[in-house]
Structures are given as C-alpha cells and as structure tokens.
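J.: Got a structure for you, written out below as structure tokens; questions coming shortly.
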Amino acid sequence: MRRELLILDVTAMAGDNVCVAGLDLESRTTIRLNQPQPTRSGLKALGGLTPGEVIAVDVEPLAQTTRPHVEDHQWNPRSVEKFRRMDNAEILGALTGTEVRSLKDAFGEPSRSGKRHNAGWKPGEGERSLATLRVRYVRQEEVEAGKIRIDLRDNERYWHGIPFQDVTVREHGTSCETCSAGFLDLVRTDFEANACLVRVGLTRRFPPDEHDDGSACWLQVTNIFARDRAHFF
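Residues in the sequence shown are numbered consecutively from 1059, following the numbering used here.
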C-alpha cells in the first residue's frame, strides 16, 4: 500500500546499516522501513533521506514481527517519491497528540541498567520500540570523540547516559572539519533545549544471543526536535 510518510529518524546502526522510521500522516502511526534493510549507501542512491522530509512509499506490515519492534514494515526503495520538507514548527504540529510524557508510558519499566547507567528493556516484550517523548529538558555530553550521550528529564524522572544515534550527528563527529574544532558546542546549539520533543527508540536485542541473561533492548535517542537544525542537516 502507498503511504505518505514524514521521516522522523535516520539512526546509525552497525556498519553501513541505518534505521529509518517516520509518521504515517494518514493513520498517525509509526512505520519503520525494515525489509530490505536500509543502508547509508542505499539512501545516497535515493538522493538521501533526512528527518523532516515527506515521502510517498510502498510499504506493507511484516507478517511477523518480534516485540518490541512491532513497527517493522517491508518497503520498496524504488517506489520512494519525495514531496517536500517540513520545518521544525510543522513537524511539532504533525506530532501533536502522538507524544508521551514519560519513558515508562512509552516502554514500561526497564528491566536492567547498563555500565553507563543506560536503561534496557526485556527482549520479546513490549507494545512498541519507538516513541515521541515530551521532556522538561534535554542536555548533551561528549563521552568519546564524536560520540554524544544524552541526559533528559521526562514527566517522572531523570534519565542519564543515553546514546544519541542520529546518523548525521554520528557522521559529523568523525568527518566534519568544522566539528573538529567544537563538536559538542555545535550539537548543543542544534539540540539542547527545555520543553521539547525527543525521539526515543529501543535497539534490537544486544548481545544478540537469546540465551545471554544480559541481553536487552537498549534505550537510544534517535532525534531531538528543539529548533530547525543549523549545522547537522
């Protein structure tokens, strides 16, 4: 079926892989373009896909998904047609009514905490793996060269050390000459804010071994809608 999709997340994964997800503007549900697996090189062949773009694409729900990743869809890359780009104000308008006030509302109570205090959820459970979160504030820290972790406060509690996996931010952290002189300052200029919307997601099971008691679907920040991006676009 052909759907009109507002791209919300283009998320860095291992290797060349990326996760692409957006809001179906008719049903107001979340769709992840999952099969075939999107890649950086594949998106470049399409002329790029970035948050804020509105596209038409042929998609179908997968016959079987693994919780919490119920948003997974099959898609046809050759069917992508780009219409326009929304600015931050338009995106906020489109997301109105879809947001949650806490990570607990989004995913339930986490099952474990990682070594950097990031939260993880039990694989094979949960109602969703992507959500739009309304936060009181969001802050950024550079924990390694080119790698950003997020601290945020939702309506219930403080969350610390969440990886920021927006693919453009990750790529700039290793390849942008301007960023080399002030990466964190540029990230804060585009994304630090009070009372904004933050896109959050849960990774696939990691470690992938289903018999590993330490496996979890780990929390990550996939985008922040604070203002129109000045550098990371």
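Here a beta-carbon is modelled for each residue, glycine too, at the ideal position from N, C-alpha and C. All values reported here derive from a predicted model rather than from experimental measurement.
Since Arg-1207 sits in a beta bridge, which residues does DSSP pair it with?
T.: The partner list for Arg-1207 (beta bridge, DSSP) reads Glu-1199, Pro-1221.
J.: Look at the alpha carbon of Thr-1280 and the alpha carbon of Val-1256, and state the distance between them as a whole number of angstroms.
T.: Rounded to whole angstroms, Thr-1280 to Val-1256 spans 8 angstroms at the Cα level.
J.: Checking 9 angstroms against the spacing of the C-beta atoms, do Leu-1277 and Gly-1178 come in under that value?
T.: Cβ distance < 9 angstroms, so Leu-1277 and Gly-1178 count as in contact.
J.: In the DSSP assignment, what residue or residues form a beta bridge with Ile-1282?
T.: Ile-1282 pairs with Val-1256.
J.: Are the Cβ atoms of Ile-1282 and Asp-1224 separated by less than 9 angstroms?
T.: Contact flag set, yes.
J.: Let me know if Glu-1167 comes out buried or exposed under the rule of 16 or more other beta-carbons within 10 Å of its beta-carbon.
T.: So Glu-1167 ends up on the exposed side.
J.: Identify which residue in Asn-1146, Leu-1107, Glu-1202, Asn-1176 has its Cα closest to the Cα of Val-1078.
T.: It is Leu-1107.
J.: Is DSSP giving Glu-1111 helix, strand or coil here?
T.: In this structure, Glu-1111 counts as strand in the three-state DSSP scheme.
J.: Rounded to whole angstroms, what is the Cα-Cα separation between Glu-1183 and Ala-1274?
T.: Spanning the two alpha carbons is a distance of roughly 11 angstroms.
J.: Can you name the residues that DSSP bridges to Arg-1170?
T.: In the DSSP output, where bridge partners are listed per residue, Arg-1170 has Gly-1178.
J.: Using CA atoms only, rank isn't needed, just tell me which of Leu-1120, Arg-1228, Arg-1215 is closest to Gly-1073.
T.: Nearest option by C-alpha distance: Arg-1228.
J.: Cβ of Leu-1101 within 8 angstroms of any heavy atom in the ligand NAD?
T.: Because no ligand of any kind appears in the structure shown, any question about the ligand NAD cannot be addressed here.
J.: Following the continuous alpha helix (DSSP H) through Leu-1244, name the residue where it begins and the one where it ends.
T.: Here the alpha helix (DSSP H) through Leu-1244 covers 1241-1249.
J.: Go through its chain and collect everything with a Cβ distance to Ala-1288's Cβ below 7 angstroms, but skip five positions before and after it.
T.: So the list reads Thr-1247, Asp-1248, once near-sequence residues are dropped.
J.: How would you label Gly-1259, buried or exposed, when you count the other beta carbons within 10 angstroms and need 16 or more for buried?
T.: Label assigned to Gly-1259: buried.
J.: Between the Cα of Trp-1217 and the Cα atoms of Cys-1237, Gly-1240, Val-1193, which residue gives the shortest distance?
T.: Selected option, being the one with the closest Cα: Val-1193.
J.: May I ask you to verify whether the stretch 1062-1073 touches the stretch 1107-1122, counting CB pairs closer than 8 angstroms and requiring at least 3?
T.: Judged by Cβ distances under 8 angstroms, the stretch 1062-1073 makes contact with the stretch 1107-1122, as three or more pairs qualify.
J.: What is the rounded straight-line gap between the Cα of Asp-1212 and the Cα of Ser-1160?
T.: Near 5 angstroms, if we compare the C-alpha coordinates of Ser-1160 and Asp-1212.
J.: Rounding to the nearest angstrom, what Cα-Cα distance links Glu-1157 and Cys-1237 in this structure?
T.: Taking the straight line joining both Cα atoms gives about 31 angstroms.
J.: Applying the 10 Å Cβ sphere with the 16-neighbour rule, what's the burial state of Gln-1198?
T.: Under this definition Gln-1198 is a buried residue.
J.: Return the first residue and the last residue of the alpha helix (DSSP H) that Asp-1163 is part of.
T.: Start and end: 1161-1165.
J.: Return the bridge partner residues of Phe-1264 from the DSSP annotation.
T.: Phe-1264 pairs with Ala-1274.
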